[in-house]
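Visitor: When you line the sequence shown up against the UniProt record's numbering, it's residues 2 to 184, in that order.
Using N, Cα and C, we set each Cβ at its ideal position, and we do this for glycine too.
Since the structure is predicted, the reported quantities are computational estimates derived from the model, not experimental observations.
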Amino acid sequence: KKYKIAVIVGSLRKESFNLKTAKAMMAMAPESLEMSFLDIKGLPWFNEDLEGNPPKEWETLREGIQKADGLLFFTPEYNRSVPGVLKNAIDVGSRPYGENSWNGKPAAIVSVSIGNISGFGANHHLRQSLTFVNVPTMAQPEAYIGEASALYDDNGNLNNDSTKEFFNTYLDAFEKWVHTIAK
Ligand code: FNR
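1) Would you tell me roughly how many angstroms separate the C-alpha atoms of TRP103 and VAL111, rounded to the nearest one?
2) Between which two residues does the alpha helix (DSSP H) holding LEU72 run?
3) Excluding the 5 residues flanking ASN101 on each side, which residues of the same chain have their C-beta closer than 6 Å to its C-beta?
4) For the alpha helix (DSSP H) containing PHE168, list its first residue and its last residue.
5) Suppose the cutoff is 6 Å on Cβ atoms and the five residues either side in sequence are ignored; what does the same chain contact list for ALA144 look like?
6) Between SER82 and GLY122, which are expected to be in contact by the criterion C-beta below 8 Å, what is the C-beta distance as a whole number of angstroms?
7) For the pair the segment 137-155 and the segment 113-121, tell me if three or more CB-CB distances fall below 8 Å.
8) In the DSSP output, what is LYS24 paired with across the bridge?
9) Could you pull out every residue in the same chain whose Cβ sits closer than 8 Å to the Cβ of ALA108, ignoring the five residues on either side in sequence?
10) How would you write the range of the alpha helix (DSSP H) that LEU34 sits in, first residue to last?
11) Any idea which residues DSSP pairs TYR98 with across the strands?
12) Quick one: what's got a C-beta closer than 7 Å to LEU20's C-beta in the same chain, skipping five residues either side?
13) Spatial neighbours of GLN67 within its chain, please: C-beta separation below 6 Å, excluding the five flanking residues on both sides.
14) As a quick exercise: from ALA69, GLU58, ALA25, pick the residue whose alpha carbon is nearest that of ILE41.
15) Going straight from the alpha carbon of VAL8 to that of LEU34, what length do you get?
16) Looking at the ligand FNR, does it come within less than 7 Å of LEU34, judged from the CB to the closest heavy atom?
17) Mind checking whether the beta-carbon of LEU20 lies closer than 7 Å to any heavy atom of the ligand FNR?
Structural data, given as structure tokens:
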């Protein structure tokens, strides 16, 4: 069986190291995982006043989540937490009340930073929110990708063998996690 994995990147910038890391992992994905991006760019801010007549971008995101069998998050760390755009996407997907689109989808988190604390704060704040929206998030192995500016060449290709090896190990574990939990 094939499983659809929605890849969600918490950085909107073109040269994002999170985006480069997502692309590198997607290119290495195990055969049973069909990975595609679920875009959060341009998602209107969550506002309870709009819930009766939600923006179409909210509906598109919710449908994208519902169609996925699993979720793979890539998050930068902004001020030791998750970027607002990513938190907003979590909030939009969790509503309307009682219709949480994230519910039960197996997930994993990769934090990517140019620093050497490797997005630990963002990784765990994201984990906290995902726990509340009932997303079983893989515990091990953890993925803290630090010093990311040294990992990619000018064409965005991953040029570090031990990182490649780690991505393989990580994806194997994620594949097992998805197979175990996805409906
Ligand atoms: C950062 N950065 C950062 N890095 C980190 O390791 N811990 C942090 O708390 C922060 N805080 C922070 C706040 C803001 C507002 C910005 C813009 C940046 C640096 C961050 O790791 C760096 O910009 C990455 O390159 C962001 O990820 P992308 O865009 O390359 O995927």
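Guide: Let's see:
1) The count along the sequence shown starts at 1 and reaches residue 103 at position 102. The count along the sequence shown starts at 1 and reaches residue 111 at position 110. For TRP103 and VAL111, the distance between alpha carbons rounds to 18 Å.
2) Here residue 72 refers to the residue found at position 71 of the sequence shown. That residue, LEU72, is in no alpha helix (DSSP H); its beta strand (DSSP E) goes 71-76.
3) Along the sequence shown, read from residue 1 onward, the residue named residue 101 stands at position 100. For ASN101, where only same-chain residues beyond five positions count, the Cβ hits under 6 Å are SER95, VAL134.
4) Counting from one through the sequence shown, the residue named residue 168 turns up at place 167. Its alpha helix (DSSP H) spans residues 162-182.
5) As a working mapping, residue 144 is identified with position 143 in the sequence shown. The answer, listed in chain order, is VAL111, TYR171.
6) Walking along the sequence shown from the start, residue 82 turns up at place 81. Walking along the sequence shown from the start, residue 122 turns up at place 121. That pair is a contact at about 6 Å.
7) Output reads yes: the segment 113-121 touches the segment 137-155.
8) On the sequence shown, position 23 is the one that residue 24 refers to. Looking at the DSSP output, LYS24 sits in no beta bridge, so it has no partner there.
9) Stepping through the sequence shown from its first residue, residue 108 is reached at position 107. Around ALA108: GLY71, LEU72, LEU73, PHE74, LEU131, VAL136, PRO137, THR138, MET139.
10) The residue given as residue 34 occupies position 33 in the sequence shown. Taken as a continuous stretch (DSSP letters only), LEU34 belongs to no alpha helix (DSSP H), being part of the beta strand (DSSP E) at 34-38.
11) As a first step, residue 98 is located in the sequence shown; it is residue number 97 there, counting from the start. For TYR98, no pairing in a beta bridge is given by DSSP.
12) Indexing the sequence shown from 1 puts residue 20 at position 19. Beyond the five residues adjoining it in sequence on each side, LEU20 comes within less than 7 Å, by CB distance, of VAL10, SER12 in the same chain, given in chain order.
13) Locating residue 67 in the sequence shown gives position 66, where the first residue counts as 1. Within the same chain, GLN67 has close Cβ partners SER102.
14) As a working mapping, residue 41 is identified with position 40 in the sequence shown. If we check each option's Cα against that of ILE41, GLU58 comes out closest.
15) For the purposes of this step, residue 8 is taken as the residue at position 7 of the sequence shown. For the purposes of this step, residue 34 is taken as the residue at position 33 of the sequence shown. Straight-line Cα distance between these residues: approximately 11 Å.
16) Indexing the sequence shown from 1 puts residue 34 at position 33. No, the beta carbon of LEU34 sits no closer than 7 Å to any heavy atom of the ligand FNR.
17) Here residue 20 refers to the residue found at position 19 when the sequence shown is read from its first residue. Within the cutoff, so yes.
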